[in-house]
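**Q**
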Amino acid sequence: MTSILVLNGPNLSRLGSREPDVYGSTSWSELVESLESAATPTETISVRQTNDESELILWVHEALDSRAEVILNPAAFTHYSYALRDAVAMVTGAQIPVIEVHISNPHAREEFRHTSVISGVASGVIAGFGVESYHLALAALRSRR
Ligand code: DQA
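When the sequence shown is numbered by the numbering used here, its final residue is 215 and no position is left out of the sequence of numbers.
#1: Between F199 and the rest of its own chain, which residues show a CB-CB distance below 7 Å, the 5 nearest in sequence each way excluded?
#2: Would you say the beta carbon of L82 comes nearer than 7 Å to a heavy atom of the ligand DQA?
#3: Can G86 and N143 be called in contact, C-beta distance under 8 Å?
#4: By DSSP's criteria, N143 is part of a beta bridge. Which residues make up the other side?
#5: Can you determine whether any heavy atom of the ligand DQA sits closer than 7 Å to the C-beta of I141, and answer yes or no?
#6: With a 10 Å radius around its C-beta and 16 neighbouring C-beta atoms as the bar for buried, classify T148 as buried or exposed.
#7: Looking only at C-alpha atoms, which of Y150, E132 and S174 sits nearest to S95?
#8: Measure the CB-CB distance between L75 and W129 and report whether it falls below 8 Å.
#9: Compare the Cα-Cα distances from V92 to each of R179, T162, E170 and Q119 and report the closest residue.
#10: T148: beta carbon under 7 Å from a heavy atom of the ligand DQA?
#11: To the nearest angstrom, report how far apart I127 and Y152 are at their CA atoms.
#12: Can you list, in chain order, the residues of its chain with a C-beta nearer than 7 Å to that of R88? Leave out the 5 residues immediately preceding and following it.
#13: Can you tell me whether H172 sits near the ligand SAH, meaning its C-beta is under 7 Å from at least one heavy atom of the ligand?
#14: Have a look at R214, T120 and E100 and flag the residue whose alpha-carbon is nearest the alpha-carbon of A146.
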């Protein structure tokens with residue numbers, strides 16, 4: 071059995087109503103449902119969201135301890151959380167995949183979004199495909215097993 075944690079940072083629970091021109095009209099609950107129902111018989115997929123950096127880091131530690139694969143949308147933490155980066159580095163350093171995802175393409179947006187402090191320690195990055203980015207990340211995880 072493979073466990074997959076889909077971890078999401080600040081404000082992503084507002085998907086659907088938050089800047090729909092940037093993030094689309096799929097609601098948070100629709101995204102959760104579409105990901106959890108995409109699990110194969112040999113996978114469990116747990117989708118979580120927090121606005122709290124500490125909680126997000128603890129979930130990354132949990133992934134390390136349970137060897138769960140990770141899909142991570144760090145949201146705004148992407149651009150400045152060295153603490154989250156250090157946590158992700160422990161996971162990928164233990165040969166557990168962490169795919170960084172973004173709904174929008176941060177490189178096509180404001181300058182401060184062009185830097186990700188996470189990408190350098192992630193297994194890979196998928197950005198700019200709307201909520202489909204998460205499903206592409208799932209496919210990426212499956213392809214590397
Ligand atoms: C985001 C991009 C970030 O710059 C932003 O702070 C988010 C969402 C995305 O999924 O496109 O909250 O990670």
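Glycine is no exception: its CB is placed at the ideal position from the N, C-alpha and C atoms.
Note that the coordinates shown come from a computational prediction; the quantities given were computed from them, not determined experimentally.
**A** Well, looking at it:
#1: Residue numbering aside, residue 199 sits at position 129 when the sequence shown is read from its first letter. Within the same chain, Cβ atoms closer than 7 Å to the Cβ of F199 are found at L206, the five residues on either side in sequence being excluded.
#2: Start at 1 with the first residue of the sequence shown, and residue 82 comes out as number 12. Because some heavy atom of the ligand DQA lies under 7 Å away, the Cβ of L82 counts as near it: yes.
#3: Along the sequence shown, one-based indexing puts residue 86 at 16. Along the sequence shown, one-based indexing puts residue 143 at 73. Not a contact, by the Cβ cut-off of 8 Å.
#4: The residue labelled residue 143 in the question sits at position 73 within the sequence shown. Note: N143 sits in a beta bridge opposite N78.
#5: Working through the sequence shown from its first residue, we reach residue 141 at position 71. The answer is no for I141.
#6: Translated into the one-based positions of the sequence shown, residue 148 becomes position 78. Buried, by the Cβ-count rule.
#7: Taking the first residue of the sequence shown as 1, we reach residue 95 at position 25. Just measuring C-alpha positions, the residue of Y150, E132 and S174 sitting nearest S95 is S174.
#8: Within the sequence shown, residue 75 is the residue found at index 5, counting from 1. Within the sequence shown, residue 129 is the residue found at index 59, counting from 1. Cβ atoms of L75 and W129: closer than 8 Å.
#9: Counting from one through the sequence shown, the residue named residue 92 turns up at place 22. Nearest option by C-alpha distance: R179.
#10: Stepping through the sequence shown from its first residue, residue 148 is reached at position 78. For T148, the Cβ falls inside the 7 Å cut-off from some heavy atom of the ligand DQA.
#11: Translated into the one-based positions of the sequence shown, residue 127 becomes position 57. Translated into the one-based positions of the sequence shown, residue 152 becomes position 82. If you take the alpha carbons of I127 and Y152, they lie about 11 Å apart.
#12: As a working mapping, residue 88 is identified with position 18 in the sequence shown. N81.
#13: In the structure shown, the ligand SAH is absent; the only ligands present are the ligand DQA.
#14: On the sequence shown, position 76 is the one that residue 146 refers to. A146 has its Cα closest to that of T120, out of R214, T120 and E100.
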